[in-house]
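Chains as they are written, first to last, in my numbering: chain A, 12 to 106; chain B, 865 to 1222; chain C, -13 to 277. Heads up, the beta-carbon is just placed ideally off N, CA and C, and yes, glycines get one too. Written out below as structure tokens is the structure these notes cover.
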Amino acid sequence: MEITKEAICGTLESNDLLVKVAPRNELEVVISSEVMRQFGVRIREVVEETLLQMGVTRGQVVIEDKGALDCAIRARVQAAVLRGCECDELNWGVL
Amino acid sequence: MNYGLEFELLYPKEDAGGAAEVRRLLRASNLDVEPDIQFFVVARKERRIVACAGLAGDVVKCVAIAAECRGTSLSLKLMNEVQQVASIERGHNHLFLYTKPENAVLFEGCGFHQVVSVLGSACLMENTPVGIRDYCDMLAAFRQPGERIGGIVVNANPFTLGHRHLVQQALGACDWLHVFVVSEDASAISYADRLDLVRAGLAGLDRVTVHAGSRYLVSKATFPSYFLKDAKVVEACSTALDLLIFRRYISPALGITHRFVGNEPFCAVTRKYNRDMHEWLEHASEEGPALRVVEIPRLEVGGIPVSASRVRQLLGEGDFEMMAHLVPATTLALMRAKYAGRARARTFRRETRIIEVK
Amino acid sequence: MGRLRRSMLFIPGSNAAMLSTAFVYRPDSILFDLEDAVALREKDSARLLVYHALRLPAYQSIEKVVRINPLDTPFGNKDLEAAVRGGADIIRLPKTDCAADVQRLEVEVERIEQACGREAGSTRLMAAIESASGVVNALAIATSSPRMDSIALAGFDYVVDMQTQRGDGIELFYARCSVLHAARFAKIDAFDVVFPDVNDDEGFLKEVALIKRLGFNGKSLINPRQIELLHNAFAPTEEEVRRAERIVEAAEKAEREGLGVVSLNGRMVDAPVVLNAQRILELAKPAYARS
């Protein structure tokens, strides 16, 4: 999938995260988290795995994490990417 | 659960009652409704407004929360709503925010990151950790070798022989020159046209890069008072943020050592900006290496300094014969073809301001 | 005797924090709402949040209901995909007016079960009745599909349709009785409306006493705080429990001894009375387990 426009998804409330995506020529994932020291590596893993599943190889993904669970991270990243790809049809097979 | 909190948009020009309520809330925080705010995101609790945040394009300002609601997560909910509304309904994903430096921590919890801060007065933030970094990375691709690298920022509203003169003079004093065109579309001449005219007007000159402007350079985000038509008072801090961004980020990205500027005989705002340049760019501070600021005397035609405002005045009067002495052929042609008779009203307002502040 | 279904807690599908933690409140069923609690601009994101929350290990031991948007909106079918694929036990269809509404849903559910490899028929359906038409057709709705699991009455839209408003309960009386009879006839469960004022415990308990008396299995809730109030109100009294224990013991004794007739204190006990006693003990269990 190709990110063609800037998009935002999620909130900054506790246990949630805000995801922003933007078109770029390379893939870049930027993460800020309140629990960076303990979970920074895990958050990155989940985000990168989610992007890989969706076939996103280019674009900037900025994450502001407020201690979200993996399931929320997956959901918010997926929704942000779909918005950024202007894609309305989900391929459930890759989620 | 939202604990009875409801968010809505309030357009101060259409809702006098709501605007008065917002004004009272802002007063309690020593703020006022700024005239360029298009709408407020307000939080209501039992129909009463308990928090507000104004949006002027991509700039968030006039943020206030009722005293009894502070210390709750209301500010977070408010700033979250602002970002959602700005993105989804207005297409502004990248937002800027002004606040007092002591409040920066509060907004850092809401997804905003500091760009620059002037101790004791103001702090500019943006809602991404990589906004200014991405911009600098992009600029760095245009880096040129040399010991003396110059930078000029022009509005070029429109491009005149005076601008060309300034660039030629600067080129005589440096190895390479970076020219930035203010990108805010708030001037009589559209940004696209101004940029084209600068490129056309500087064609044939070596060692010059013309850069499109950005939000980080004399924009409504970095320097709002420059664009407020009725600004009678130019606050000291309002130029500092813009100049510190230039010093801390833009100059290092391109290796700029000298900033050139035409001396300003007419416009008080610009004159103040020039004066502040010495203060914020040249003097030692922790904001990055110091620059030299070089003021270059204006080109004069018939004993009168050439200025864009004079050109706009002539445009309003339809005097293209006189204009031909002040601008290159490319500017003259476009003024004749596209702007004849159109700039009258705006020119008049601008002139009024200049008289007021003198 | 199926599992207890006194409390059905509504969780807004767009609220990541509540989705990740709502299991701690231990309601009998949890309802992830994609409909009214979710703003239009968040429909896409909430759908994915719910899909992933359904798969959380913490929710595997709890009954999961997803309220989808009506199928005639742009969201309904997408919500259904997320809910069925995510593993929802039950789909709650809002604004059910007639049996055909359920049958349309049934076709889609079957298609998705097949597409994602889920056991055919494993997704059950709950019809929410929110209109005069739904109440009048309650029996047809309750018997519309073998997947039908329960009926829920939703008061907010219903009173608007009836040109009245919420009051002491008399305005819902016919609807409650009608829906309940349809459910009992079809041998499925019945859920009562959300109580609108989360701060009025007294009013809430009064309404709970009424619907318990009428015979509802339970109630939709929007505040976790109401769970315990509801469970306590549904718990049988000590005397009821003691009596039920004696009946069940007698029944077990009769079975051990191969007797065809259960008797207690010299009087014969009918089979429905034994069933009722078992239900009371089931209701009593969690209340005792807590204390």
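Grab me the residues of residue i's own chain with a C-beta within less than 6 Å of its C-beta, minus the 5 sequence neighbours each way, in chain order.
i: Asp147 of chain C; result: Ser117 and Ala118
i: Asn957 of chain B; result: Ser951
i: Leu207 of chain C; result: Ser(-7) and Leu(-5)
What is the DSSP secondary structure of residue i, counted as helix, strand or coil?
i: Val234 of chain C; result: helix
i: Ala1076 of chain B; result: strand
i: Asp154 of chain C; result: coil
i: Asp65 of chain C; result: helix
i: Gly1166 of chain B; result: coil
i: Phe1293 of chain B; result: Since the first residue shown for chain B is 865 and the last is 1222, residue 1293 of chain B is missing from the structure and cannot be characterised.
i: Asp998 of chain B; result: helix
i: Arg911 of chain B; result: coil
i: Ala1095 of chain B; result: Reliability of the predicted coordinates at Ala1095 of chain B is poor, the pLDDT of 47 falling under 50, and no value is obtained from them.
i: Pro43 of chain C; result: helix
i: Lys239 of chain C; result: helix
i: Gln71 of chain A; result: strand
i: Gln100 of chain C; result: helix
i: Val259 of chain C; result: helix
i: Ser981 of chain B; result: strand
i: His1122 of chain B; result: strand
i: Leu1041 of chain B; result: strand
i: Arg253 of chain C; result: strand
i: Ser131 of chain C; result: coil
i: Met989 of chain B; result: strand
i: Arg1214 of chain B; result: Annotation note: pLDDT 43 at Arg1214 of chain B (below 50); position unreliable, coordinate value reported separately. Helix.
i: Leu23 of chain A; result: coil
Suppose the cutoff is 7 Å on Cβ atoms and the five residues either side in sequence are ignored; what does the same chain contact list for residue i look like?
i: Ala1258 of chain B; result: A query on residue 1258 of chain B cannot be resolved here, the shown segment of chain B reaching from 865 to 1222 and no further.
i: Ile233 of chain C; result: Leu250, Val255, Val259, Val260 and Ala263
i: Arg41 of chain C; result: Gly72 and Gly73
i: Thr61 of chain A; result: Arg85, Val88 and Gln89
i: Ser44 of chain A; result: Phe50, Gly51, Ile54 and Asp76
What are the start and end residues of the beta strand (DSSP E) that includes residue i?
i: Leu959 of chain B; result: Segment: none, Leu959 of chain B is in no beta strand (DSSP E) and carries neither H nor E.
i: Ala113 of chain C; result: Arg110 to Ile115
i: Arg1012 of chain B; result: Element bounds for Arg1012 of chain B: n/a, residue is neither H nor E.
i: Val40 of chain A; result: Leu38 to Ser44
i: Phe18 of chain C; result: Ser15 to Asp19
Relative to the alpha-carbon of residue i, which residue among the options has its alpha-carbon at the smallest distance?
i: Val905 of chain B; options: B:Val946, B:Arg934 and B:Ala930; result: B:Val946
i: Lys77 of chain A; options: A:Val105, A:Ile42 and A:Ile19; result: A:Ile42
i: Val982 of chain B; options: B:Glu966, B:Arg997 and B:Leu970; result: B:Glu966
i: Asp22 of chain C; options: C:Leu34, C:Tyr11 and C:Asn55; result: C:Asn55
i: Phe177 of chain C; options: C:Arg162, C:Asn185 and C:Leu66; result: C:Arg162
i: Val93 of chain C; options: C:Asn63, C:Met4 and C:Leu34; result: C:Asn63
i: Val1017 of chain B; options: B:Ala1204, B:His1042 and B:Arg1007; result: B:His1042
i: Ile48 of chain C; options: C:Ala219, C:Ser(-7), C:Asn123 and C:Ala101; result: C:Ser(-7)
i: Glu1128 of chain B; options: B:Ile1120, B:Met1141, B:Thr1121 and B:Ala1117; result: B:Met1141
i: Pro(-2) of chain C; options: C:Leu111, C:Pro80, C:Asp186 and C:Leu17; result: C:Leu17
i: Leu267 of chain C; options: C:Gly246, C:Thr223 and C:Leu245; result: C:Thr223
i: Arg(-11) of chain C; options: C:Ala32, C:Lys50, C:Arg33 and C:Ala39; result: C:Lys50
i: Pro1169 of chain B; options: B:Lys941, B:Val1157, B:Glu1146 and B:Leu1190; result: B:Leu1190
i: Arg1079 of chain B; options: B:Lys877, B:Gly973, B:Ala883 and B:Gly995; result: B:Gly995
For the alpha helix (DSSP H) that residue i lies in, which residues bound it at each end?
i: Gly141 of chain C; result: Gly141 to Asp147
i: Gln1032 of chain B; result: Leu1025 to Leu1035
i: Gln902 of chain B; result: Careful: Gln902 of chain B lies outside any alpha helix (DSSP H) and carries neither H nor E.
i: Lys1136 of chain B; result: Ala1132 to Met1141
i: Met4 of chain C; result: Ala2 to Thr7
Give the interface partners of residue i over in chain A, defined as CB-CB distance under 9 Å, in chain order.
i: Asn967 of chain B; result: Those within 9 Å of Asn967 of chain B in chain A number zero; the least Cβ separation is about 16 Å.
Residue i touches chain A at which residues, Cβ-Cβ below 8 Å?
i: Ser6 of chain C; result: Asn26, Ala79, Leu80, Cys82 and Ala83
i: Glu94 of chain C; result: Those do not exist, as Glu94 of chain C stays about 14 Å from chain A at its closest Cβ, beyond 8 Å.
For residue i, return the contacting residues in chain B, with the cut-off set at a CB-CB distance below 7 Å.
i: Leu29 of chain A; result: Gly975
i: Glu17 of chain A; result: Asn957
i: Ser43 of chain A; result: Pro993
Find the residues of chain C that neighbour residue i, judging by a C-beta separation of less than 8 Å, and give them in chain order.
i: Thr35 of chain A; result: For the sequence presented, residue 35 of chain A should be read as Arg rather than Thr. Correct list: empty, because the minimum Cβ distance to chain C is about 22 Å.
i: Gln89 of chain A; result: Leu34
Output needed for residue i: all residues of its chain with C-beta closer than 8 Å, excluding positions within five of it in sequence on either side, in chain order.
i: Ala2 of chain C; result: Leu35
Using the beta-carbon of each residue, which ones in chain B are nearer than 9 Å to residue i?
i: Val73 of chain A; result: Thr992, Pro993 and Val994
i: Leu23 of chain A; result: Leu940, Lys941, Met943, Asn944, Gln947, Gly973, Cys974 and Gly975
For the ligand FMN, is there a heavy atom less than 7 Å away from the beta-carbon of residue i?
i: Thr59 of chain C; result: Only the bare structure without any ligand can be found here, which leaves the ligand FMN out of the picture.
Under 7 Å Cβ-Cβ, which residues of chain C neighbour residue i?
i: Cys20 of chain A; result: Ser31
i: Leu93 of chain A; result: Asp30
Chain B partners of residue i, CB-CB under 8 Å?
i: Leu63 of chain A; result: Neighbours of Leu63 of chain A on chain B: none; closest Cβ ~21 Å, over 8 Å.
Counting only Cβ-Cβ distances shorter than 9 Å, please list the residues of the region 111 to 141 of chain C near chain E, keeping chain order. Going by chain labels, chain E is absent from the structure shown, which instead holds the protein chains A, B and C.
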